[in-house]
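Here the structure comes first, spelled out in structure tokens, and everything after it is commentary.
2 protein chains.
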Amino acid sequence: MSRTRVHNLFVSSDGYAAGNRVTFDAPIGDARALFSKFDGRVIHGINGIDDPVTVDRALFSMWGQGIGAEIMGRRKFGPQTGPWPDDGWAGWWGDEPPFRTPVFVLTHHRRPPIEFDNGTSFHFIDANAQDAVTMAQHAAGGLDVRLGGGPSSIRQFLQADLVDFLHLAIVPVVLGAGVRLFDDLVGLEDRFTVETIGTTSGLTHQLWNRTPRGTTGI
Amino acid sequence: MSRTRVHNLFVSSDGYAAGNRVTFDAPIGDARALFSKFDGRVIHGINGIDDPVTVDRALFSMWGQGIGAEIMGRRKFGPQTGPWPDDGWAGWWGDEPPFRTPVFVLTHHRRPPIEFDNGTSFHFIDANAQDAVTMAQHAAGGLDVRLGGGPSSIRQFLQADLVDFLHLAIVPVVLGAGVRLFDDLVGLEDRFTVETIGTTSGLTHQLWNRTPRGTTGI
């Protein structure tokens, strides 16, 4: 079974999962504190760093395991809005985007795909959540599909009940503003089994696993 | 840096990490309760199973990450003692050993290597712990080396201060007999930083990270 998975989604104590403003200079917006405990060096494995293997890093390292494709919202790919300018923009990540798989970017403004030598390719699709998952699962060839965010995009997939696994990390910071993850998701917990642990860093990790469909009234 | 790592080492409440008797019929000896919470299906990644992604499984899945070689004691490879009989024995694992890398089997009785199509090869070496690590790191080509056990073998590497990372899972069972992990290791904790979490299964996971050498008196 090809699952849809969300990894390393950081949420502040007051429910925000991204800042409000995304600019070329501030790709994660005005919410840098959300990511202060994140170690992006381990997303393909806990090896390759000299620092201790912590529970946080072990959980972050699930990101790349058995993933065959990603779906991301347009704002994760770039800060532009409207028709794409002819400026050569190919994402925030330079010559080595970390994905190493096909990536489907949700946008109403289509454009030709972009391919990188390391296996990453960006495909720009104007599709609803269900069709995007179908396309990505086809590209993933039996592996799982990661829903890459941002939070507005994740929320759409949650509302459509298209998320099989969600790894949240609750960060003890108060942002006061930004993009909320849980709007219009009242009762979300009824569809999931949630396991929670705290770690020494102050993060609280929650693993939300979709209960098998057919076993709930939803 | 190529690290030496131990993963998924289960220890009973009374300190045993293996049973006493290993036979062809009982590869893990008389200590089956030690492994009752283990899910070996995720050692190469949390994908590919339909069951929930739990914290236990996330931690088990570190096993294969960035590993380029394994070192194991002879008893992990087979129950024979003394010179190898000419019986075609090639380990417990059939045609698809899970290792997918070179594996160095510590034995005083050398024999030709055995190779499998999936990348696994067994090399039989009569070496002390330090020399075994040197050989395995060379074969690992910059990746990490897993110390695969059993517990008597792990204890030798711990005594020689050759372990960089150790993932223990304490199982709330009382065995009363078996192979003890911690004999002759008084003060082991002085060389490590230990992070501990409990999970809903009843397991206690401990991540032992060797403190950088040069910063302690050892």
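If you read the protein sequences in the order shown, they are chains A and B. Heads up: the first sequence begins at 205 in this note's numbering, then just goes up one per residue. Heads up: the second sequence begins at 205 in this note's numbering, then just goes up one per residue. Cβ coordinates follow ideal geometry from the N, Cα and C atoms, glycine included.
Contact list for residue i against chain D, beta-carbon separation under 7 Å
i	result
D254(B)	Among the protein chains in the structure shown, which are A and B, there is no chain D.
Distance, residue j Cα to residue i Cα
i	j	result
F320(B)	S216(A)	49 Å
G268(A)	G418(B)	34 Å
A364(A)	V398(A)	19 Å
A235(A)	D234(B)	54 Å
G295(B)	F228(B)	10 Å
I401(A)	H371(A)	11 Å
D218(A)	L366(A)	25 Å
Q341(A)	S325(A)	15 Å
G196(B)	F239(B)	There is simply no residue 196(B) to check, as chain B begins at 205 and stops at 422 in what is shown.
L411(B)	F369(B)	7 Å
D243(B)	A373(A)	24 Å
F264(B)	L263(A)	11 Å
R315(A)	F281(A)	13 Å
G352(A)	M339(B)	40 Å
F361(A)	L392(A)	12 Å
L379(B)	H312(B)	30 Å
A237(A)	I358(A)	20 Å
R207(B)	D348(B)	5 Å
N413(B)	D291(A)	47 Å
K241(B)	I247(B)	14 Å
F396(B)	A333(B)	19 Å
W293(B)	G346(B)	31 Å
V377(B)	A230(B)	19 Å
H409(B)	D394(A)	29 Å
D335(B)	R304(B)	22 Å
Secondary structure of residue i, DSSP reduced to three states
i	result
L392(B)	helix
T338(A)	helix
S206(B)	coil
L351(B)	strand
L263(A)	helix
G268(B)	helix
G244(A)	helix
R236(A)	helix
Q284(B)	coil
L213(A)	strand
S405(A)	coil
L366(A)	coil
F328(A)	strand
R384(B)	strand
F361(B)	helix
R225(A)	coil
A294(B)	coil
R424(B)	Lying outside 205 to 422, the shown extent of chain B, residue 424(B) is not represented and no answer is given.
R304(B)	coil
A187(A)	Since the first and last residues shown for chain A are 205 and 422, residue 187(A) lies out of range.
A373(A)	strand
R414(B)	strand
I422(A)	A caution first: I422(A) carries a pLDDT of 47, below 50, which makes its placement in the model too unreliable to give a value.
Pair within 7 Å by beta-carbon distance, residue i and residue j
i	j	result
G270(B)	A344(B)	no
R427(B)	R350(B)	Within the shown structure, residues of chain B are numbered from 205 to 422, placing residue 427(B) beyond reach of any answer.
A381(B)	N224(B)	yes
A221(A)	P416(A)	no
P289(A)	V226(A)	no
I250(B)	M205(A)	no
V375(B)	F214(B)	yes
Within chain B, partners of residue i - CB distance below 8 Å
i	result
D348(A)	N251
L263(A)	V259, A262
N322(A)	Near N322(A) there are no residues of chain B at all, since even the closest Cβ is about 17 Å away, more than 8 Å.
L411(A)	P256, V257, T258, V259, A262
Residue i: contacting residues in chain A (beta-carbon distance under 9 Å)
i	result
G351(B)	The sequence shown places Leu at residue 351(B), rather than the Gly named in the question. Going along chain A, no residue has its Cβ under 9 Å from L351(B), so there is no contact; the nearest lies around 14 Å.
Contacts of residue i in chain B (Cβ-Cβ under 9 Å)
i	result
G270(A)	H248, G249, I250, N251, G252
Chain-ordered neighbours of residue i on chain B, where CB pairs are closer than 7 Å
i	result
G401(A)	Contrary to the premise, residue 401(A) reads as Ile rather than Gly in this sequence. Residues of chain B passing the Cβ test: V259, I401, T403.
Chain A contact residues for residue i, given Cβ-Cβ distances below 7 Å
i	result
N212(B)	None at all; the shortest Cβ gap to chain A is about 12 Å.
T397(B)	P256
**Asked** Looking at C-beta atoms only, is the number of pairs between the region 261–278 of chain A and the region 304–319 of chain A that lie closer than 8 Å three or more?
**Response** yes
Below 8 Å, how does it come out for the region 382–389 of chain A and the region 385–392 of chain B: are there three or more Cβ pairs, yes or no? no
Is there contact between the region 283–302 of chain A and the region 315–333 of chain A, where contact requires at least three CB pairs shorter than 8 Å? yes
- Message: Three Cβ pairs or more, each shorter than 8 Å: is that satisfied between the region 253–265 of chain A and the region 398–410 of chain A?
- Response: yes
With a cut-off of 8 Å, do at least 3 Cβ pairs link the region 242–257 of chain A to the region 326–340 of chain A?
no
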